[in-house]
Amino acid sequence: MAQADSLFALACQQANLTAQPGKQAMKGAERDRMALEGNGRWTHSVDLDGAHAKSEAQSPRWDYGLGLRRQGAAECAVWVEPHPANSTGEVEKMLAKLRWLQDKLKQPAYAKLAALTQDASQQNLPVYVWLCSGGCTIRPGTREARLLAKAGLHGPRRQLKL
177 MAQADSLFAL ACQQANLTAQ PGKQAMKGAE RDRMALEGNG RWTHSVDLDG AHAKSEAQSP
237 RWDYGLGLRR QGAAECAVWV EPHPANSTGE VEKMLAKLRW LQDKLKQPAY AKLAALTQDA
297 SQQNLPVYVW LCSGGCTIRP GTREARLLAK AGLHGPRRQL KL
């Protein structure tokens, strides 16, 4: 599929971001921990952290956005942040990154990405995902896990299967 045929790629273009085919914007090890079941496919991906590294060097930037299309469903967007989960102190860092991303998605240039994100939510997909790198000490049912869930952040998890 040509980039122009991907709603995610077009939305990235509107936001002045460079979309890569499939999961290519992600690092190899992180890319390998993400899978789509059935006939779904990753359309494009974007490295938000890299795109904003110079202009927002001190901000708690989110790493990746991914466009995906599952069989019989419209293209949508999910957001993945590989980040250590080896202490409960990482939860506040992740919540700050999530706030940064959600603020971006409210900006007019990001309107199409926000709409694709809403489409993922309507398809009952986890929209914001913490992909743990290294140890994972934050367990389901803990105070920290409840804070993450309340904010709409899924994880931390070692793999993402949709």
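Quick note on this note's numbering: the sequence shown kicks off at 177 and runs consecutively.
A virtual CB, placed ideally from N, CA and C, is assigned to each residue, including glycine.
Inspect the beta-carbon positions of residue 239 and residue 225 and report whether they are closer than 9 Å.
In the sequence shown, counting from the first residue as 1, residue 239 sits at position 63. In the sequence shown, counting from the first residue as 1, residue 225 sits at position 49. It is a contact, given that the beta carbons lie within the stated cut-off.
Quickly, what does DSSP pair residue 304 with across the bridge? List them, please.
Looking up residue 304 in the sequence shown gives position 128. DSSP lists 255 and 329 as partners of residue 304.
Enumerate in chain order the residues of its own chain whose CB-to-CB distance from residue 147 is below 7 Å, with the five nearest sequence positions on each side excluded.
The question about residue 147 has no answer here: the residues shown for the chain are numbered 177 through 338.
Measure the Cβ-Cβ separation of residue 307 and residue 252 and say whether it is below 9 Å.
In the sequence shown, counting from the first residue as 1, residue 307 sits at position 131. In the sequence shown, counting from the first residue as 1, residue 252 sits at position 76. Result no, Cβ atoms of residue 307 and residue 252 do not sit closer than 9 Å.
State the start and end residues of the unbroken beta strand (DSSP E) segment that holds residue 219.
In the sequence shown, residue 219 corresponds to position 43, counting from 1. First-last of the beta strand (DSSP E) with residue 219: 217-223.
Residues bridged to residue 246 by DSSP?
Position 70 of the sequence shown, counted from the first residue, corresponds to residue 246. Its beta-bridge partners do not exist; DSSP assigns none.
Buried or exposed for residue 230, please, with buried defined as at least 16 other CB atoms from any protein chain shown within 10 angstroms of its CB.
Here residue 230 refers to the residue found at position 54 of the sequence shown. Answer is exposed; the Cβ neighbour count stays below 16.
With a threshold of 9 Å between beta-carbons, can residue 267 be considered close to chain D, or not?
Checking the listed chains, one finds no chain D in this structure; it contains a single protein chain.
Out of 185, 316 and 203, point me to the one whose CA is closest to residue 197's CA.
Indexing the sequence shown from 1 puts residue 197 at position 21. Looking at the Cα atoms, 185 is the closest of the given residues.
Inter-residue spacing [alpha-carbon to alpha-carbon] between residue 332 and residue 305
Taking the sequence shown and counting its residues from 1, the one referred to as residue 332 is at position 156. Taking the sequence shown and counting its residues from 1, the one referred to as residue 305 is at position 129. Residue 332 and residue 305: Cα-Cα distance of roughly 7 Å.
Report all residues from its chain with a CB closer than 6 Å to the CB of residue 227; omit the five preceding and five following residues, and keep chain order.
Sequence index remark: in the sequence shown, residue 227 carries index 51 (1-based). The answer, listed in chain order, is 193.
First and last residue of the alpha helix (DSSP H) that includes residue 269?
As a first step, residue 269 must be located in the sequence shown, where it is residue number 93. Per DSSP, residue 269 belongs to the alpha helix (DSSP H) from 266-281.
Who does residue 189 pair with in a DSSP beta bridge?
Along the sequence shown, read from residue 1 onward, the residue named residue 189 stands at position 13. None; residue 189 has no bridge partner.
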